[in-house]
Amino acid sequence: MPYTLVRADNPGPMTLEGTNTYLLHGDSGTVVVDPGPADPAHLEAIGVRDVVAIVLTHTHPDHVDGVPALAGRFGVDTWAADPDRVPIPAERLEEGDYVLGGVTFTVLATPGHTADSVCFVTVDGVLTGDTILGRGTTVVAHPDGDLGRYLESLRRLADLAETAGDRPVLPGHGPELPSLAAAARHYLAHREERLDQVRAAVAAGDSTPAEVVARVYADVDHALWPAAEQSVRAQLDYLDSLRERE
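Adding 3 to a residue's 1-based position in the sequence shown gives its number in the working numbering.
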């Protein structure tokens with residue numbers, strides 16, 4: 004499946020080099036994955052004339068704010084796991100196989116980063132949105148983000164690589180990664196390490212997310228601490244759920 008990457012000019016701490024928009028080229032049309040921000044220059048750079056559909060990995064603004072303009076230009080449907088979160092009427096993506104414009108892909112539900120996150124599995128790579136990034140790790144922001152579900156989603160992706168063959172990661176931000184298996188395993192190990200650090204912080208007497216962030220994320224740029232605090236809320240909620248099961 005040939006594809007083209009068009010990167011939006013919206014770099015930042017949360018978007019890395021910018022939002023990645025992917026054009027999946029089929030025999031009878033092009034599917035746009037995550038149109039990105041409502042930036043006229045970016046939408047113009049997408050540039051293809053045979054767009055047949057827009058599909059979304061999730062509905063954070065840096066991925067979907069460009070949907071109304073792009074869908075209006077081409078007169079095509081937009082597909083999302085939760086159509087109610089899309090800024091225009093949209094079709095519902097269910098888990099399973101799709102063929103749009105000759106583009107074949109499988110939708111895999113991977114909630115955790117957001118409740119509506121999905122990945123698109125193709126023969127040439129897995130489009131992971133913000134579930135796996137090309138560099139660093141993603142934010143799981145409570146309450147829409149759910150760490151328990153996120154860990155399960157990472158395990159699903161690791162299992163996919165083992166059972167259906169490894170393939171590259173085409174992330175929503177950052178560069179392509181060569182191995183889905185390696186990326187998913189790395190993310191799982193990182194999350195377990197962070198959970199151990201949060202457990203230790205709580206045992207040391209930290210009682211609020213801000214206190215945990217100050218201890219666990221001390222070496223992280225302070226500009227990222229608000230996002231880290233949201234992740235800590237998700238981590239604490241997950242640890243509470245584990246204790247309730249004991």
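Quick reminder that beta carbons are idealized off the backbone N, C-alpha and C, glycines included.
Environment of residue i [buried if 16+ CB atoms lie within 10 Å]
i, result
"ASP149", "buried"
"GLY251", "What is shown of the chain runs 4 to 249, which leaves residue 251 out entirely."
"LEU8", "exposed"
"ALA192", "exposed"
"ASP87", "exposed"
"SER234", "buried"
"LEU245", "exposed"
"THR134", "buried"
"THR166", "exposed"
"GLU47", "exposed"
"GLY129", "For the record, residue 129 in the displayed sequence is Val; it is not Gly. Per the 10 Å Cβ criterion, buried."
"ASP68", "buried"
"ARG95", "exposed"
"ALA206", "exposed"
"GLY29", "buried"
"ASP222", "exposed"
"ASP53", "exposed"
"VAL106", "buried"
"ALA44", "exposed"
8 Å contact criterion, which residue i and residue j should meet: CB distance rounded
i, j, result
"THR131", "TYR190", "With 8 Å as the limit, THR131 and TYR190 do not qualify as a contact, their Cβ atoms being about 10 Å apart."
"HIS61", "ASP119", "5 Å"
"ARG218", "ASP224", "Not quite, the Cβ-Cβ distance comes to about 16 Å (not below 8 Å), so this is no contact."
"ALA83", "PRO40", "ALA83 to PRO40, Cβ: 17 Å. No contact."
"TRP228", "VAL216", "5 Å"
"LEU103", "ALA56", "4 Å"
"PRO5", "THR24", "PRO5 to THR24, Cβ: 15 Å. No contact."
"VAL58", "ILE91", "Contact doesn't hold; Cβ gap of about 14 Å is too wide."
Extent of the continuous alpha helix (DSSP H) run through residue i
i, result
"ILE49", "43 to 49"
"ARG188", "183 to 206"
"THR166", "150 to 167"
"LEU245", "228 to 248"
"VAL219", "212 to 219"
"GLY75", "70 to 77"
Residue i beta carbon near the ligand GDP (any heavy atom closer than 7 Å)
i, result
"THR81", "With respect to the ligand GDP, the structure shown offers nothing to examine, as it has no ligands at all."
Cutoff 7 Å; reference residue i; Cβ partners in own chain excluding five residues on either side
i, result
"ASP169", "SER182, LEU183 and ALA184"
"GLU179", "GLY137, PRO171, VAL172 and LEU173"
"ARG188", "ALA161"
Other residues of its chain near residue i: CB distance less than 6 Å, five sequence neighbours each side excluded
i, result
"THR117", "HIS61 and ASP147"
"ALA164", "LEU183 and ALA184"
"PRO1", "Residue 1 cannot be examined here, being either before or after the span of the chain that is shown, 4 to 249."
"ASP100", "THR109"
Bounding residues of the beta strand (DSSP E) (the contiguous stretch that carries residue i)
i, result
"ALA56", "54 to 58"
"TYR25", "23 to 29"
"THR107", "106 to 112"
"ALA83", "80 to 83"
"TYR6", "6 to 10"
"PRO16", "Element bounds for PRO16: n/a, residue is neither H nor E."
"PRO174", "172 to 174"
"VAL67", "Unbroken run through VAL67 is the alpha helix (DSSP H), 64 to 67; no beta strand (DSSP E)."
"THR131", "129 to 132"
"THR33", "32 to 36"
"VAL126", "Note, VAL126: premise wrong, no beta strand (DSSP E); not H, not E."
"VAL102", "99 to 103"
Neighbourhood of residue i by C-beta distance below 8 Å, restricted to the same chain and skipping five residues each side
i, result
"ILE49", "VAL9, THR24, LEU26, VAL35, PRO38 and LEU73"
TODO: Say whether the region 104 to 117 touches the region 202 to 211, bearing in mind that this needs 3 or more beta-carbon pairs closer than 8 Å, one atom from each stretch.
DONE: no
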